[in-house]
Amino acid sequence: MGKSQSVNEFQIKAVFIYNFTQFVQWPAESFDESQDNFVIGILGENVFGKYLEEAVAGETYQGRPIVIKYFATPKDVEHCQILYAGSSTNAAKLAGDRPVLTIGERPDFMKQKGLLRFYQDGNKVRIEINQSAASAAGLVVSSKLLSLATIYQEK
Amino acid sequence: MKLKGISIRAKVIRLISLISAISLLLVFTVLFVYEIVSYRENSTREMNVLANILAANSTAALAFDDAEAAHEILSAVKAEQLITVAILFKANGEVLTSFIPDSTVTEVPIAPAEYGFEIRRGKVEGFVPVMLGEKRLGTLYIRRSTEDTEQRLLLYAIIAGTVIVITFVLTYLLSSRLERAISNPLISLSNISTQVSEHHDYSVRATDPADGEIGQLKEAFNTMLSKIEIQNNEIQKHNQELEFKIDERTKAYRREKEFAEVVVNSSLVLIAVFDPEMRFIGYNDKCEEEFKLKREHVLGKKFEEAMPQIKGTLTYNSLLRALKGEFVHNPQYRSGVTGDFYESFMRPLRNENNEIYAALMTAHNINGFIEANAELQKRNADLEQFAYVASHDLQEPLRKVLLFNDRLNDELPDKNDSVTRYIDKIDHAARRMSNLIRDVLAYSRLARLEESFVPTDLNEVLAQVRIDLELYVEEKEAVITSQHLPVVPGNTLQLHQLFSNLINNALKFCDRKPSLQITCSIASNDEARWQGLAYETLSYAKIQFIDNGVGFDPKYSDKVFALFQRLHQDKKYEGTGIGLALCKKIVTNHHGSIGVDSTPGVGTTFTIFLPVKPV
Chain A
12 MGKSQSVNEF QIKAVFIYNF TQFVQWPAES FDESQDNFVI GILGENVFGK YLEEAVAGET
72 YQGRPIVIKY FATPKDVEHC QILYAGSSTN AAKLAGDRPV LTIGERPDFM KQKGLLRFYQ
132 DGNKVRIEIN QSAASAAGLV VSSKLLSLAT IYQEK
Chain B
-4 MKLKGISIRA KVIRLISLIS AISLLLVFTV LFVYEIVSYR ENSTREMNVL ANILAANSTA
56 ALAFDDAEAA HEILSAVKAE QLITVAILFK ANGEVLTSFI PDSTVTEVPI APAEYGFEIR
116 RGKVEGFVPV MLGEKRLGTL YIRRSTEDTE QRLLLYAIIA GTVIVITFVL TYLLSSRLER
176 AISNPLISLS NISTQVSEHH DYSVRATDPA DGEIGQLKEA FNTMLSKIEI QNNEIQKHNQ
236 ELEFKIDERT KAYRREKEFA EVVVNSSLVL IAVFDPEMRF IGYNDKCEEE FKLKREHVLG
296 KKFEEAMPQI KGTLTYNSLL RALKGEFVHN PQYRSGVTGD FYESFMRPLR NENNEIYAAL
356 MTAHNINGFI EANAELQKRN ADLEQFAYVA SHDLQEPLRK VLLFNDRLND ELPDKNDSVT
416 RYIDKIDHAA RRMSNLIRDV LAYSRLARLE ESFVPTDLNE VLAQVRIDLE LYVEEKEAVI
476 TSQHLPVVPG NTLQLHQLFS NLINNALKFC DRKPSLQITC SIASNDEARW QGLAYETLSY
536 AKIQFIDNGV GFDPKYSDKV FALFQRLHQD KKYEGTGIGL ALCKKIVTNH HGSIGVDSTP
596 GVGTTFTIFL PVKPV
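Taken in order, these protein sequences are the chains called A and B. Sequential numbering from 12 applies to the first sequence in this note's numbering. Sequential numbering from -4 applies to the second sequence in this note's numbering.
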């Protein structure tokens, strides 16, 4: 994995996004009563192509089938458990009060109350997590994941 | 370890040492085996636990393809120095990271293999899957050195061996002391029993103090000795009594033997006993006298050795028959040894199992008897010849007396009563004399009859006699009954005369209506023997004539059969006195016997015995 960044960067990220479902616990209230699925939302352009759909095909989170929803603009964002914000920065607004794992790419995403960010370290994709914000949102991040990630410190 | 033929002392020591050594060896072996087994179980289990912890910790690193983090996780096993290899394979089989602290290790796997752990020489190694939920993220390989365990087991073995050796030595030393407590009383007992058996002295006792089983053994031994002593005394006492009894018995036996010898030697009969090989085992004084051979020259020798001329003789063959179980009677024969005549009996002697162990010969010299008999027979024959001639010649003059007396009676005129009476008397006397002569003639003729016997049916004889006496029976109103009679070998005329005389007598000597019963049975051996008959070889018919006549005094029973013997002089019972003498002669001719029994006023019974088979 990760031998050719330009081709495979989003492929790796797609797998990572799926892996987050296995290392993060969502509280029960994060799901609407009528909701059966675990929803991963993609805001704006679909940078993953088919990769993400392939990564989650047939997979579940605690018995809930994982589905992907695409939101063209921030206004379109519906309720979901993971929201990939892409280049958008206003994570807090996007998540509202709900326990949503917001994922961004931009360096200032964390300052905008984003919970998780991908960044490049050489040819490797790395993760930065705002653990305290995640805890405040009711998300429990596995220590195993934390041990791999950079912990964002608010100033 | 040989236990035979060594002292109890050595036995006890060896046994104790051996047992302790064996038990220690057993304990250590069990512990050792247990150690190995549990080590194998524990090591694989521990490795499994360790591998699973590592695998669990490695999930995120594998999931996020973080080799550094993975290496860091694997490096955590540094603390466990014996882990020599740890490798994390990705799901696709590529190596994510590996931890190999010692670069000299070899045989490092390059790809994941089957899950599970194996113990190989010097190492435990195996693969576990790295799972995230249901998903397999990769494979963990881990290897652990087992040097420590091997060293520990080696140390264990050394300690065990040392302990066994030390224990063995200690046990040997200790048991050498302890065994005395056990073996000393036993050795003491053994010495005492040796003393008892060698000197037959049952009064000694085991005195060494001892307790427990040895003490009980000692007590039992002493009790046994006491009992043996008592029994020994009783046996000795009993033996003395027994000896006394045997002595008494021996004396009694000797007395009986002497008595028997005296009786046997005093016998006028020759008595000799032969064993089954025909050797003399008995020989009485009479034999010495007859054979002119001393006892010491014949006893133990065979008959034919002592008397060579005996072989094949009647005596010899009779003895052989007796040894085969036969009873042999030789009434008369001439001895090949002495030349005299003897009568002998040979009989088998049987022991309590009914086996023949000897033959007894009894014999007596009948030489004198034979000679006297021959003389007697000659005289009898002469007498009979004389009687025949005399009676035959006497008849002629008597017929003339009767003839001329009759003429005298016819021609003599004017006879007075006396003359008539004289003539009558002459006639009567002459007729009586004629009858007498006729009977004497009949008697003497009997002796001369040499006819061979034929089977004679006595029933027919009786029937003929009944016809002959028919008028007489009617006149006397007599009743004659008879049982069925046998067929006997005999002379029909003589037997007719015998029956005729007996029945005639029964009718004649009777002063009431005569009743005559004729009975018949087979004579028993005893009855025949009492009559002096050859009961051993022949069987006899016993025929009785039982009447209700006047009878006679039984003291005359022997006389009635004598010639010219008349018991009744009364005119009422006429007779010549020859009838019963004739009967006796006939019965004797037929090898039988006749006897009589009578009670005056009640009746008379004549009993005759006749052989039913030819002699």
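For every residue, glycine included, the Cβ atom is placed at its ideal position computed from N, Cα and C.
Below the 8 Å Cβ cutoff, chain B contributes no neighbours of A/Leu112, its closest Cβ being approximately 15 Å away. In the three-state DSSP reduction, B/Ser183 falls in the helix class (H, G or I). By the neighbour-count criterion, in which 16 or more other beta carbons inside 10 Å mark a residue as buried, A/Pro110 falls on the buried side. Apart from the 5 residues on each side of it in sequence, B/Tyr530 sits with its Cβ closer than 7 Å to the Cβ of Asn520, Ala523, Arg524 in its chain, given in chain order.
Interface with chain B (8 Å Cβ-Cβ cutoff): A/Asn134 is excluded.
Taking one beta carbon from each stretch, the segment 347 to 364 of chain B and the segment 382 to 396 of chain B have fewer than 3 pairs nearer than 8 Å; the two do not touch. Secondary structure of B/Asp542 (DSSP, three-state): strand. Taking 3 residues as the shortest admissible run, the segment 431 to 518 of chain B contains the following complete beta strand (DSSP E) segments, listed from N- to C-terminal end: 449 to 452, 474 to 477, 482 to 485, 510 to 517. Here the segment 37 to 54 of chain B makes contact with the segment 129 to 137 of chain B; the two share three or more CB pairs at distances below 8 Å. DSSP places B/His585 in the coil class of the three-state scheme, outside both helix and strand. DSSP assignment within the segment 315 to 346 of chain B yields the following whole beta strand (DSSP E) runs of 3 residues or more, N-terminal first: 323 to 329, 336 to 345. Only those residues of the segment 142 to 159 of chain A whose C-beta falls short of 8 Å from the nearest C-beta of chain B are listed: Ser153, Lys155, Leu156, Ser158, Leu159. When DSSP reads this structure, B/Asn360 sits in a beta bridge with B/Tyr337.
DSSP places B/Ala529 in no beta strand (DSSP E); its state is neither H nor E. Taking 7 Å as the upper bound on Cβ-Cβ separation, chain B lies near residues Phe27, Asn30, Gln33, Phe34 of the segment 14 to 41 of chain A. If you draw a straight line from the Cα of B/Asn325 to the Cα of B/Asn348, it comes to about 28 Å. The beta carbon of B/Ala50 sits no closer than 8 Å to any beta carbon of chain A. Under DSSP, B/Arg274 shares a beta bridge with B/Lys297.
For A/Pro76, the three-state secondary structure derived from DSSP is strand. B/Thr144 does not reach chain A, its nearest Cβ partner there being about 33 Å away, counting only Cβ pairs nearer than 8 Å. Of the residues B/Ile432, B/Phe163, B/Glu370, B/Pro484, the one whose Cα lies closest to the Cα of B/Ala16 is B/Phe163. For B/Leu148, no Cβ of chain A is located within less than 8 Å of the residue's own Cβ. Residue burial annotation: B/Val456 is buried, with at least 16 other C-beta atoms found within 10 angstroms of its C-beta. The segment 0 to 73 of chain B is shown to contain whole alpha helix (DSSP H) runs of 4 or more residues at 3 to 58, 62 to 70, in chain order. Contact of B/Asp61 with chain A by beta-carbon distance below 7 Å involves Leu159. Within 10 angstroms of the beta-carbon of B/Gln190 lie fewer than 16 other beta-carbons, which makes it exposed. Sequence-ordered contacts of the segment 28 to 57 of chain B with chain A read Asn52, Thr54, Ala55, Ala56 [C-beta pairs closer than 8 Å]. Shortest Cα-Cα distance from B/Val123 to any of B/Arg244, B/Glu350, B/Ala86, B/Asp542 involves B/Ala86. Within the segment 112 to 135 of chain B, those residues whose Cβ lies closer than 7 Å to any Cβ of chain A are, in chain order, Leu127, Gly128.
When DSSP states are grouped into helix, strand and coil, B/Asp592 belongs to the strand group. Residue B/Gly320 holds the alpha-carbon nearest to the alpha-carbon of B/Glu350 among B/Gly320, B/Ser477, B/Cys515.
Between B/Met302 and B/Val264, the C-beta gap is not smaller than 8 Å, which leaves the two residues out of contact. DSSP places A/Ile138 in the strand class (E or B) of the three-state scheme.
Under a criterion of Cβ atoms nearer than 7 Å, the residues of chain A adjacent to B/Ala64 are, in order, Ser158, Leu159.
In the three-state DSSP reduction, B/Met428 falls in the helix class (H, G or I). DSSP assignment within the segment 349 to 404 of chain B yields the following whole beta strand (DSSP E) runs of 3 residues or more, N-terminal first: 351 to 360.
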